[in-house]
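Enquirer:
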Amino acid sequence: MFKRVLIANRGEIALRVIRACKELDIETVAVYSEADRESLHVRFAADDVCIGRPPARDSYLNIPRIIAAAEITGADAIHPGYGFLAENAEFANTVRASNITFIGPTAEQIGQMGDKAAARKLAQKLKVPTVPGSAGPVESMEEGLKVAHKLGFPVIVKAAAGGGGKGMRVAPDAEQFAQAFGLAKQEALAAFGSDEVYIEKYLSRPRHIEIQIMGDTHGKVMHLCERDCSVQRRHQKLIEEAPSSALSPAARAEMGELALEAVRASGYTNAGTVEFLVDEAGRPYFMEVNARLQVEHPVTEMVTGVDLVREQLRIAAGEKLTLTQADVTWRGWAIECRVNAEDPFAGWLPSPGTITGLRAPSGPWVRDDSGVYEGYTIPRFYDTLLSKLIVWGADRAAACDRMARALAEYRVVGVRTTIPALTRIIAHPDFRAGRLSTAFLERVLPDLRANDGRFASVAVIAAVLAEYERARHASPPPAPADTTPSAWRAAGTRGWIRP
Ligand code: MV4
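Numbering (numbering that gives the first Met the number 0), first residue to last: 0 to 498.
#1: Using 7 Å as the cut-off, classify the Cβ of residue 200 as near or not near the heavy atoms of ligand 1, replying yes or no.
#2: Using the Cβ count rule (16 or more neighbours within 10 Å means buried), how would you classify residue 289?
#3: Over what stretch of residues does the beta strand (DSSP E) that includes residue 60 continue unbroken?
#4: Are there 16 or more other CB atoms within 10 angstroms of the CB of residue 449, so buried, or fewer, so exposed?
#5: So for residue 148, helix, strand or coil by DSSP?
#6: Would DSSP call residue 352 helix, strand or coil?
#7: When the Cα atoms are used, what is the spatial distance from residue 345 to residue 414?
#8: What distance in whole Å lies between the Cβ atoms of residue 137 and residue 198, which are believed to be in contact at a cut-off of 8 Å?
#9: Pull up the distance between the alpha-carbon of residue 334 and that of residue 245, whole angstroms please.
#10: I'd like the span of the beta strand (DSSP E) that includes residue 237, first residue to last.
#11: Quick check on the DSSP output: the beta strand (DSSP E) that includes residue 262 runs from which residue to which?
#12: In angstroms with no decimal places, state the Cα-to-Cα distance between residue 452 and residue 347.
#13: Starting from the N-terminal side, write out each stretch of the alpha helix (DSSP H) that is 4 residues or longer and does not extend beyond the region 10 to 82.
#14: Would you mind working out which of 153, 180, 172 and 365 sits nearest residue 166, comparing C-alpha positions?
#15: Less than 8 Å separating the beta-carbons of residue 208 and residue 258?
#16: What residue range is occupied by the uninterrupted beta strand (DSSP E) comprising residue 339?
#17: Could you check where the beta strand (DSSP E) with residue 222 kicks off and where it finishes?
#18: Pick out the complete beta strand (DSSP E) segments inside the region 110 to 173, 3 residues or longer, and give them in chain order.
#19: Alpha carbon to alpha carbon, how far is residue 454 from residue 419?
#20: Measuring only the C-alpha atoms, how far is residue 396 from residue 62?
#21: Ligand 1 heavy atoms versus the CB of residue 287: any closer than 7 Å?
#22: Grab me the residues of residue 172's own chain with a C-beta within less than 8 Å of its C-beta, minus the 5 sequence neighbours each way, in chain order.
#23: Bridge partners of residue 326, per DSSP?
#24: Could you pull out every unbroken alpha helix (DSSP H) segment of at least 4 residues lying fully inside the region 375 to 422, listed in chain order?
#25: For ligand 1, is there a heavy atom less than 7 Å away from the beta-carbon of residue 65?
#26: In the DSSP output, what is residue 277 paired with across the bridge?
#27: Would residue 98 be called buried (16 or more neighbouring beta carbons within 10 Å of its own) or exposed?
#28: Is any heavy atom of ligand 1 found at a distance shorter than 7 Å from the C-beta of residue 254?
#29: Assuming residue 403 and residue 426 form a contact by the criterion Cβ under 8 Å, report the distance between their Cβ atoms to the nearest whole angstrom.
#30: Under the three-state reduction of DSSP, which class applies to residue 452: helix, strand or coil?
#31: Taking the alpha carbon of residue 393 as the point to measure from, which residue in 424, 349, 301 and 378 has its own alpha carbon closest?
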């Protein structure tokens, strides 16, 4: 096993990895930008190195500085977390060339999975179903239009180097095809340095269902149940769950097999996710492979009992997977809500600032993977994720009830958060019934608003926060002479202990 692991990331995921290391008695090294001096991951790690200025390209995306930090501190492995350099083949390769172990798939596997058009081709070769579309990259507008006519509109133009929604444009009809094609190409070139695109028939209300997989360096690969990530807004997932209410046990088993089929040939190692869209008829279509640990991995951990980061570390150290496919079972239901510092009442704009009051939910079957603390100032340079609230229940209804309870316990003062929106979504009849698709959120957003254009629960939240502030800063009111419970309460002494 490793002696010292450097975590090339920040926020809650850096803490998540540090925790797994500590439980395996591995020393930890945090790297941080000048904006993150006061961040929790720096305090949690045994050692830390400042790697540069706040913009990510000067710090968390700066490969030479991260390698230098590992060399200075004597780290023998690097965990990339998610985002930043997690799926950068050049980084994985540079780490390896520096005689440091990259905790993730090989540079070659990352490169392979990064080319979405090639991954799609490979899936087709392996008889894993894909959405009808172009055979490969489409060179010209004319060729694209021909393919689109053959498929029938609407179609979607996707960047080969893309993924996660970037460089993607829907063409509803032939008139709008040229524009969609041009914009997708342009965006792809700007974002990925390659304007290669391919075309697929557009599915209008699919569910986004992904299979967690794990492979070791001894040729064993297994899947660990699916996650349903259909509740998202502009490719930002808000709520994820495991398992999915859309799959029967037979469909689940079939998708697990398809996911394994898609990665077996390439000898995939470490954690990965095979992403599918599932249409209204329940047919799965391969989309892409995410060669990293994902944000929403805790829901899988909660239903399977497998510590995915621990397994990542063990696999990277050359050990065998703890479990076999036959040993992996899932029980009950887990739901995750992403708590972001964004104002859902003001176009979901980031709400940076200082957290002046904070109380995270707890209690049975509640997990809060947070990267913040009371007094912490959220830097404006990075994403707005404050924490992931994950709950488990014996079934989906119990998990929904528990999430509602946990969200109601959450208090964040000083910045706006997505909690009021999440509360409303969890309470929505369609969410409760599991009537989900990637179109769900946009469709129900108006339902979540009251007549004044704000969420109906704003008044409630404001009252709760006012009460919280009062209790924190006020001094107790004078005690009434009559200290019976009813008189005590009538005297406005709620929140103060009766003598
Ligand atoms: C699609 C699709 C519909 N049809 N492909 C989004 C994430 C990426 N991994 C795949 N994505 C999609 N691919 C076909 N053939 C719908 C999505 C999609 C989406 C597309 C446009 C705008 C919002 C979206 C939200 C979720 C999924």
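Yeah, the Cβ is synthetic: ideal placement off N, Cα and C, and Gly gets one too.
Expert: Taking the geometry as given:
#1: yes
#2: buried
#3: Segment: none, residue 60 is in no beta strand (DSSP E) and carries neither H nor E.
#4: Annotation note: pLDDT 48 at residue 449 (below 50); position unreliable, no value reported.
#5: If DSSP states are grouped into helix, strand and coil, residue 148 belongs with the helices.
#6: strand
#7: 13 Å
#8: That belief holds up - the Cβ atoms of residue 198 and residue 137 are roughly 6 Å apart, short of 8 Å.
#9: 15 Å
#10: 235 to 241
#11: That residue, residue 262, is in no beta strand (DSSP E); its alpha helix (DSSP H) goes 248 to 263.
#12: For residue 452, the pLDDT reaches just 40, beneath the cut-off of 50, and the residue's location in the model is therefore unreliable, although a value from the coordinates is still provided. Rounded to whole angstroms, residue 452 to residue 347 spans 14 Å at the Cα level.
#13: 10 to 22, 39 to 43 and 62 to 72
#14: 180
#15: no
#16: 332 to 339
#17: 220 to 232
#18: 154 to 162 and 165 to 170
#19: For residue 454, the pLDDT reaches just 45, beneath the cut-off of 50, and the residue's location in the model is therefore unreliable, leaving the point undetermined.
#20: 45 Å
#21: Result yes, Cβ under 7 Å from ligand 1.
#22: 152 and 153
#23: Bridge partners of residue 326: none, in fact.
#24: 395 to 408
#25: no
#26: 206 and 283
#27: exposed
#28: no
#29: 6 Å
#30: Any reading at residue 452 must be qualified, since the residue scores a pLDDT of 40, below 50, and its modelled position is unreliable; no value is offered.
#31: 301
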